[in-house]
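Working notes, structure below.
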Amino acid sequence: GAGVSQSPSNKVTEKGKDVELRCDPISGHTALYWYRQSLGQGLEFLIYFQGNSAPDKSGLPSDRFSAERTGGSVSTLTIQRTQQEDSAVYLCASSSSGGSQPQHFGDGTRLSIL
Amino acid sequence: GENVEQHPSTLSVQEGDSAVIKCTYSDSASNYFPWYKQELGKGPQLIIDIRSNVGEKKDQRIAVTLNKTAKHFSLHITETQPEDSAVYFCAATGGSYIPTFGRGTSLIVHP
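Heads up: the protein sequence lines correspond to chains A and B, in order.
When we follow the working numbering, the leftmost residue of the first sequence carries the number 5, and every step to the right adds one.
When we follow the working numbering, the leftmost residue of the second sequence carries the number 1166, and every step to the right adds one.
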């Protein structure tokens, strides 16, 4: 598998529960991005990693959202105490070095909060 | 920060016609302009990109043009086919390592 892999592909959970979304970037890609896409909308930037560091967390909508990246590879986006407005598709992308390089997207996790 | 405007939001054409999507950006430091195609239920996929030292780039039926002075760039699709139907996003990347995306254009190609 040469592409970006995200899991789960779909997640349904009750309001108030915590969820973890996983992203496996392309091997060797140092830059990793998380985006949120609401139905029929554009891409909302959440957080950017360069290696294991997150130089830009400016897009995280609240302190219920956090993300980490370990070993310069896999990243996890965690949403605590989920709310209905968190329902969206969460997309992950990686690129070889960030900045002016193409992004390679996974197919996302569709999160539904009941 | 960067601001990217994309028009139109919806574009409906007949098969075989050409389609043009336009984007403007605000940050003169932006130097990389990719276009992504997103099909239903999938993540965006890069279809073509251009850098600020180039004015035009073509790949078969797809072309992108860049006017740095006016700060706008456009996607041109010729001889459209039903499988071109998708949402298209432009983006601009400059001094920041974070691309700024347009809001997307839903292209519908009628057979």
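Ideal placement from N, C-alpha and C gives every residue a C-beta, glycine not left out.
Around the C-beta of residue i, are 16 or more other C-beta atoms found within 10 angstroms, so that it is buried, or is it exposed?
i: A/Asp67; result: exposed
i: B/Leu1231; result: buried
i: A/Arg40; result: buried
Enumerate in chain order the residues of its own chain whose CB-to-CB distance from residue i is below 7 Å, with the five nearest sequence positions on each side excluded.
i: A/Ser101; result: Thr34, Ala35
i: B/Lys1184; result: In the sequence under discussion, the amino acid at residue 1184 of chain B is Ala, which differs from the Lys named in the question. Cβ within range, chain order: Leu1176, Val1178, Ile1242, Thr1245, Leu1272.
i: A/Gln105; result: Ser99
i: B/Ala1251; result: Lys1202, Gln1203, Glu1204, Leu1272
In this structure, how does DSSP classify residue i when only helix, strand and coil are distinguished?
i: A/Asp111; result: coil
i: B/Glu1248; result: helix
i: B/Gln1179; result: strand
i: B/Glu1204; result: coil
i: A/Asp22; result: coil
i: A/Gln88; result: helix
i: B/Ser1193; result: coil
i: A/Gln105; result: coil
i: B/Asn1168; result: coil
Excluding the 5 residues preceding and the 5 following residue i in the sequence, name in chain order all residues of the same chain whose CB lies nearer than 6 Å to its CB.
i: A/Leu118; result: Glu18
i: B/Ala1256; result: Pro1199, Pro1264, Phe1266
i: A/Pro29; result: Val8, Leu36, Ser98
i: A/Val78; result: Asp28
Less than 8 Å between C-beta atoms, sequence neighbours within five positions excluded: which residues of the same chain meet that for residue i?
i: A/Gly44; result: none
i: B/Arg1216; result: Asn1196, Tyr1197, Phe1198
i: B/Glu1180; result: Thr1245, Gln1246, Pro1247, Val1274, His1275, Pro1276
Touching by the beta-carbon criterion (3+ pairs, under 8 Å), the segment 1166 to 1178 of chain B and the segment 54 to 73 of chain A: Contact between the segment 1166 to 1178 of chain B and the segment 54 to 73 of chain A is absent, because fewer than three Cβ pairs lie under 8 Å.
Contact residues within the segment 32 to 64 of chain A, judged by C-beta distance below 8 Å to chain B: Those residues of the segment 32 to 64 of chain A that come within reach of chain B (Cβ to Cβ, closer than 8 Å) are Ala35, Tyr37, Gln45, Gly46, Leu47, Phe49, Tyr52, Gln54, Pro59, Asp60.
Three or more C-beta pairs below 8 Å linking the segment 1213 to 1226 of chain B and the segment 81 to 89 of chain A: The segment 1213 to 1226 of chain B, when compared against the segment 81 to 89 of chain A, does not touch it at the 8 Å Cβ threshold.
Residues in the segment 1195 to 1210 of chain B having any Cβ partner in chain A nearer than 8 Å: For the segment 1195 to 1210 of chain B, which is checked against every Cβ of chain A, the residues closer than 8 Å are Asn1196, Tyr1197, Pro1199, Tyr1201, Gly1206, Lys1207, Gly1208, Pro1209, Gln1210.
Chain A contacts from the segment 1214 to 1240 of chain B (Cβ-Cβ distance under 8 Å): For the segment 1214 to 1240 of chain B, the set of residues with a beta-carbon nearer than 8 Å to any beta-carbon of chain A comprises Asp1214, Arg1216, in chain order.
Members of the segment 105 to 117 of chain A near chain B, C-beta cut-off 8 Å: Answer set for the segment 105 to 117 of chain A: Gln105, Pro106, Gln107, His108, Phe109, Gly110, Asp111, Gly112.
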